[in-house]
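To start, the structure under review is shown below, and the notes come after it.
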Amino acid sequence: MTAEQIVNSGQWVFLAYFVGINTGYLLQNIVAAHGIRKYLQTADQFEAESVFSALDIPISLVIPAYNESASIVTSVKAMLQLEYPAFELVVVNDGSTDNTLEKLIEEFGMRRFPEAYRARVPCAAVRGVYRSMHFSNLRVVDKENGGSKADASNAGINACRYPLVCVVDADSILQPDSLRRVVRPFLEDPTTVAVGGTVRIANGCTVRRGFLEKIGLPTSFLPLVQVVEYLRAFLFGRMGWSPINALLIISGAFGVFHKETLVEVGGYNPQAVGEDMELVLRMHRLMKEKRRPYRITFVPDPVCWTDAPASLYDLKGQRVRWQHGLGQALFLNRSLMFNPRGGTVSWVSIPFYLVFELMGPVIEVAGYLFILTCAIMGWLAWPESLLFLALAIGLGVLLSTSAIMLEELSFHMYPRTRDLMLLYFIAIIENFGFRQLTAIWRLQGLFRWLRGGKHEWQTISRSANLADES
Amino acid sequence: MLEWLFRSDFDGVTTAAIWSIAAVFVTTITLFVYTLGLRWVTIVGARRRTQFVAHWRGVFAAATLSEEDASSIALPHFGRKQRSDLLEEWNRARAAVDGAAAENLIFLGERLALPAITTDMLGSRRLKSRILAIQTLGNLRDLPSQPAIRELVTHDNTALSITAAIALVQICPDQAVQLLIPMIEKRSDWPRNRVSIFLHIAGSERISEPMYRAIRSADNQGKSLLLKFACQVETNVLDALVEDLIRESNDAGVLNAALKLVSGHSDVPRIAALIRHKTWFVRVQAARVLGRVGQPEHLALLESMLHDDEWWVRYRAAQAIASLPFLGPNKLRQLQNRQSDPFAADILQQAYAEVGLA
Chain G
-12 MTAEQIVNSG QWVFLAYFVG INTGYLLQNI VAAHGIRKYL QTADQFEAES VFSALDIPIS
48 LVIPAYNESA SIVTSVKAML QLEYPAFELV VVNDGSTDNT LEKLIEEFGM RRFPEAYRAR
108 VPCAAVRGVY RSMHFSNLRV VDKENGGSKA DASNAGINAC RYPLVCVVDA DSILQPDSLR
168 RVVRPFLEDP TTVAVGGTVR IANGCTVRRG FLEKIGLPTS FLPLVQVVEY LRAFLFGRMG
228 WSPINALLII SGAFGVFHKE TLVEVGGYNP QAVGEDMELV LRMHRLMKEK RRPYRITFVP
288 DPVCWTDAPA SLYDLKGQRV RWQHGLGQAL FLNRSLMFNP RGGTVSWVSI PFYLVFELMG
348 PVIEVAGYLF ILTCAIMGWL AWPESLLFLA LAIGLGVLLS TSAIMLEELS FHMYPRTRDL
408 MLLYFIAIIE NFGFRQLTAI WRLQGLFRWL RGGKHEWQTI SRSANLADES
Chain C
16 MLEWLFRSDF DGVTTAAIWS IAAVFVTTIT LFVYTLGLRW VTIVGARRRT QFVAHWRGVF
76 AAATLSEEDA SSIALPHFGR KQRSDLLEEW NRARAAVDGA AAENLIFLGE RLALPAITTD
136 MLGSRRLKSR ILAIQTLGNL RDLPSQPAIR ELVTHDNTAL SITAAIALVQ ICPDQAVQLL
196 IPMIEKRSDW PRNRVSIFLH IAGSERISEP MYRAIRSADN QGKSLLLKFA CQVETNVLDA
256 LVEDLIRESN DAGVLNAALK LVSGHSDVPR IAALIRHKTW FVRVQAARVL GRVGQPEHLA
316 LLESMLHDDE WWVRYRAAQA IASLPFLGPN KLRQLQNRQS DPFAADILQQ AYAEVGLA
């Protein structure tokens, strides 16, 4: 094979890959747009009649906390004020080395309680259960450090009493009506076993007493780029899979599960790096093995706001972990792949995730290197090389543009036109450097998974949003 | 670069790349312009809507506060595009009031020709418009639209059919309950809170008898489903129904639903016998009821439930024991001390602590 033939074949491969991945995303966009439109048509009516909530299903909120003393009191106070007729809070202190537990005891009048705790899903030893003297629906499970959020979540699931379990990050800021919105699929379809909601970036927003007071865009570059990324990931990344019951991820920051199904599948896997995705994949697998009808759904409403990493160090850690978790989750549930009984999960979404999400950074980085090498070696004219780079960038901009359009069509969370223009600006410039950097981090994550890296609690530097007010 | 771009001797892959990039560029620009257009329409629309709504709110407030009929209220003009906003506002105002104020709003709605407008909208292709039209006709209690609404009750679309069901109850409650109550068990897609709404609107007096008949004639699955709404039935009918079902049925779903509705002194010996039922959630409900209506002779039964395999059965039995009115603190302590099974002792300790904390 001559150098010219190699270059030509390489060009075709990379062109086909880029066109393939972006066609996939555009199809998701179309499905998402249809799904959001359908959802919004009846959302108003549902909201208007929500006063008749006697039949709403009670929910247990599980809040795993590890060294969260800076913000735990504000978070719990905010969650106690959620608009929902019947819910309980189960805070899990995962062997924190700071004074998380002491703060909870002091602020909420927690008292050690002889609860007949039953370990239905595995987790590290529980040291004790506390009940609040001020709030009858607040308990704290104090346990040995299990080394992961999954382990802490499992302890919380064991202590839950209600039929639905909502696992929430301790630093999540919930919309006051978030529970009412995410419970809707459970009311409409009794086969629903899990529901995820849209998570948005809280950096730049004004938060008061744990609630969002004013929505705004962050002022620094990294969180700003992540606003656009989250729009892409949630508005069409998740909404595109949900209508065909092929959703593979429910964000760990906010997800609601049918408790008995959650227990039946064994709860979260403490060894999993991406425990949220691994759980959803396992639910798909076990439901299909048991041939039970089920739905795993996504509601496009923005229900949860979370702090995005603002430093390169934190962001790198997050992206490496996500890619590692993706590889591990797909591998652990590999029997789902091309399973004759697997439906759209086995035949559409898992192959898509494998080829385009897991292997994506390999192809992307290889593509950049290939084009550069060809140009430097003179195998490809510089204008041609730039043309291929422009195509990659153009497709990236197109996807972000369509995500911004979906946001404008639906929730319209950033009402200032200046914000809209800023999002467009970011959608363009993220392709010059940031996108390439994340591809390299994701590649590192892939290698870390292949080398068998370990999982541990990940903490990011937090903005002042949720810090307890003195 | 430009010179290079307008060459005509490109190979296949470069040509494909050029066309792809052209398509991407055009699509991106189109989406960008469309989004900006949307933003502009939203801003202008919101401004106009705010003015429109403020104006009409005043009109509707005047109608609800008027001591006479609303015939003297001057009605501003509204355009075709403002129909939805007007209907939404009218429905909002109508849902907030009752009695004479509601009658005034209905009269005002008729003056505004809302029945004609909404009947026209029933045939719209937009689901949201159709739902809004059905809601309005229901709030107007528009009798002529009854056949059309009745037809929509059987529509495949859940939102349309349940909205039509609610509207039908508003228009002709007596006929509606006869039609709708037997449909509840067949329409498993109807959200329960919406079903609860139309039963609530119809009122317990009106729904008691058809509900009783529907439950008696339904299969076990239907019985379990219908019993979830039976709390809205009149108390005397409900008590008799629950007692019959507990005595006659052995189906776990039916027993579970019926036991949840036990309010007074039902058939206690039968309930006591259910603590041996093979399904754990029936045992849970039986323990709960015995805690409320149990007699001293049931203590041993409840105590035996503390050894059940199922945590919830042990928990409810422990709660039931702790709430028995004839057991004082000393007897409760003695009962705990004689438990050799650690599961029984633990769950009793929890139940006692809960009572102590309450």
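Just so you know, the protein sequences line up as chains G and C, in that order. If you use my numbering, the first sequence corresponds to residues -12 to 457, in order. If you use my numbering, the second sequence corresponds to residues 16 to 373, in order. Where a beta carbon is used, it is the ideal one built from N, C-alpha and C, also for glycine. Fair warning: this is a prediction, and the values are worked out from it, not measured in the lab.
Going straight from the alpha carbon of residue i to that of residue j, what length do you get?
i	j	result
L305 of chain C	H313 of chain C	8 Å
I237 of chain G	V79 of chain G	20 Å
L161 of chain G	E417 of chain G	28 Å
D361 of chain C	R105 of chain G	11 Å
V308 of chain C	E104 of chain C	50 Å
V283 of chain C	I199 of chain C	31 Å
V77 of chain G	M270 of chain G	23 Å
G354 of chain G	G242 of chain G	36 Å
S37 of chain G	E70 of chain G	Residue confidence is low: S37 of chain G scores 49 on pLDDT, short of 50, so the model does not pin down where it sits. Its coordinate-derived value is still stated next. Their backbone Cα atoms lie some 11 Å apart in a straight line.
G227 of chain G	I59 of chain G	34 Å
L87 of chain G	E55 of chain G	It is worth fixing the name first, because residue 87 of chain G is Thr in this sequence and not Leu. Their Cα atoms are separated by approximately 6 Å.
W292 of chain G	F244 of chain C	36 Å
L373 of chain G	Q431 of chain G	26 Å
L350 of chain C	R329 of chain C	14 Å
N190 of chain G	A295 of chain G	7 Å
Q(-2) of chain G	V28 of chain C	7 Å
M400 of chain G	C153 of chain G	24 Å
Y227 of chain C	A259 of chain G	52 Å
Label residue i either buried or exposed according to how many other C-beta atoms from any shown protein chain fall within 10 Å of its C-beta, with 16 as the threshold for buried.
i	result
A359 of chain G	Per the sequence presented here, residue 359 of chain G reads as Leu, with Ala not at that position. Flag for L359 of chain G reads exposed.
T250 of chain C	exposed
K346 of chain C	exposed
G329 of chain G	buried
Q265 of chain C	Reading the sequence as shown, one finds Asn at residue 265 of chain C and not Gln. The residue is exposed, with fewer than 16 neighbouring Cβ atoms inside 10 Å.
N352 of chain C	exposed
S232 of chain C	exposed
I144 of chain G	buried
R98 of chain G	exposed
E102 of chain G	buried
A32 of chain C	buried
T404 of chain G	exposed
E247 of chain G	exposed
P51 of chain G	buried
R221 of chain C	buried
D171 of chain C	exposed
L461 of chain G	Look at the range of chain G in this structure, -12 to 457, and you will see that residue 461 of chain G is not part of it.
I(-7) of chain G	exposed
Q15 of chain G	buried
A41 of chain G	Because the pLDDT of A41 of chain G is 48, which lies under 50, any placement of that residue in the model is unreliable, and the number read from its coordinates should be weighed accordingly. Exposed.
S279 of chain C	A small correction: the amino acid at residue 279 of chain C is Gly; Ser does not occupy that position in the sequence shown. Answer is exposed; the Cβ neighbour count stays below 16.
Residue range of the alpha helix (DSSP H) that residue i falls in?
i	result
V296 of chain C	Rather than Val, the amino acid found at residue 296 of chain C in this sequence is Phe. Per DSSP, F296 of chain C belongs to the alpha helix (DSSP H) from 295 to 308.
K64 of chain G	59 to 67
D138 of chain G	136 to 146
E102 of chain G	Here E102 of chain G belongs to no alpha helix (DSSP H), and DSSP marks it neither H nor E.
I188 of chain G	No alpha helix (DSSP H) holds I188 of chain G; the beta strand (DSSP E) holding it covers 179 to 188.
K277 of chain G	Run containing K277 of chain G: none; DSSP gives neither H nor E here.
For a test of the three-state rule: what should DSSP assign to residue i, helix, strand or coil?
i	result
H311 of chain G	helix
L463 of chain G	The structure shown has nothing for residue 463 of chain G, since chain G only spans -12 to 457.
S457 of chain G	Note that S457 of chain G scores a pLDDT of 43, beneath 50, so its modelled location is shaky and nothing firm can be said.
S37 of chain G	Any reading at S37 of chain G must be qualified, since the residue scores a pLDDT of 49, below 50, and its modelled position is unreliable; no value is offered.
W292 of chain G	strand
V252 of chain G	coil
V77 of chain G	strand
P287 of chain G	strand
V48 of chain C	helix
I160 of chain G	strand
R126 of chain G	strand
Starting from residue i, follow the beta strand (DSSP E) in both directions and report where the run begins and ends.
i	result
S47 of chain G	46 to 52
H245 of chain G	241 to 245
Decide yes or no for the touch test of the stretch 313 to 332 of chain G against the stretch 252 to 271 of chain G: beta carbon pairs closer than 8 Å, at least 3 of them.
-> yes
Cβ contact (3+ pairs, closer than 8 Å) linking the stretch 299 to 306 of chain G and the stretch 419 to 437 of chain G | yes
Flag this pair as touching only if the stretch 250 to 257 of chain G and the stretch 186 to 203 of chain G have three or more C-beta atom pairs under 8 Å; answer yes or no.
-> no
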